[in-house]
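S.K.:
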Amino acid sequence: MTQEHLAADAGVGLQSLRKVDQGHAVQPGVFHIADIADALGLTIGGLLPARPSRVTSIGYQGYDIGAFVEGVKVAGIDLVADVRLTPLSRKQGFSKRGLSKALEEVGVRYEHLRPLGNAKENRPLFAGSDLEVGRARYRASLQTTEARAALKQLTSWRQDHHVALLCFERDEERCHRSVVLEELA
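Here the sequence shown stands for residues 5 to 189, where the numbers follow our numbering.
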């Protein structure tokens, strides 16, 4: 199976798959790994490291709330840090209140980190051909006092928790979560 076919079957970006394959992914998203495992007919347990990363990335695009919460639990995540600017979703169960409740029911803590959200006017750059411009603008927004404090909070949480950064996009490379992970590396 070619990388192109595997990426398509798993529903992940080819660039993300190549980074995982080459060991260059800052933190490969748990759902990326699960999707790749599924496309290969493997289980996620066989692909995860013995000691999971303390910060990972998840996007809920393509998942219903039940499958999402189950994936979070299977991955051993115990704190979801929502990095959406506004924690609202047209997708049932993924707005702040519903998501927080669903996660709490399985023992997973939910925190919203508004200062790490991506400005509305910057989001189209992550989806289009100006990705690097979007990443640079977002990185500049992380220099505020509030954003630096939120990054410091994430650094603290990862000492005691397996943290997952949450946003919508399935492909981490097309989301500002990838920049947050780089800042934490």
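No residue lacks a Cβ here, since even glycine has one placed at the ideal position from N, Cα and C.
Note that the coordinates shown come from a computational prediction; the quantities given were computed from them, not determined experimentally.
Is it right to say Thr149 is buried, meaning 16 or more other beta carbons lie within 10 angstroms of its own, or is it exposed?
M.R.: Counting Cβ neighbours within 10 Å, Thr149 comes out exposed, since fewer than 16 surround it.
S.K.: Just reading off the alpha helix (DSSP H) that Gly138 is part of, what are its end residues?
M.R.: From DSSP, the alpha helix (DSSP H) with Gly138 extends over 135 to 145.
S.K.: Is DSSP giving Arg101 helix, strand or coil here?
M.R.: Three-state result, Arg101: helix.
S.K.: Along the chain, where does the alpha helix (DSSP H) containing Ala154 start, and where does it finish?
M.R.: Looking at the DSSP string, the run of the alpha helix (DSSP H) that includes Ala154 is 149 to 164.
S.K.: Return the CA-CA distance between His165 and Asp82, expressed in angstroms with no decimal places.
M.R.: Going by the C-alpha atoms only, they are around 6 Å apart.
S.K.: Please report how far the alpha carbon of Trp161 lies from the alpha carbon of Val167, in whole angstroms.
M.R.: The straight-line gap from Cα to Cα measures roughly 7 Å.
S.K.: Which same chain residues end up closer than 8 Å to Leu155 when comparing Cβ atoms and leaving out the 5 residues on each side of it in sequence?
M.R.: Once the five neighbours on either side are set aside, the close Cβ partners of Leu155 are Leu120, Leu146, Val184, Glu187, Leu188.
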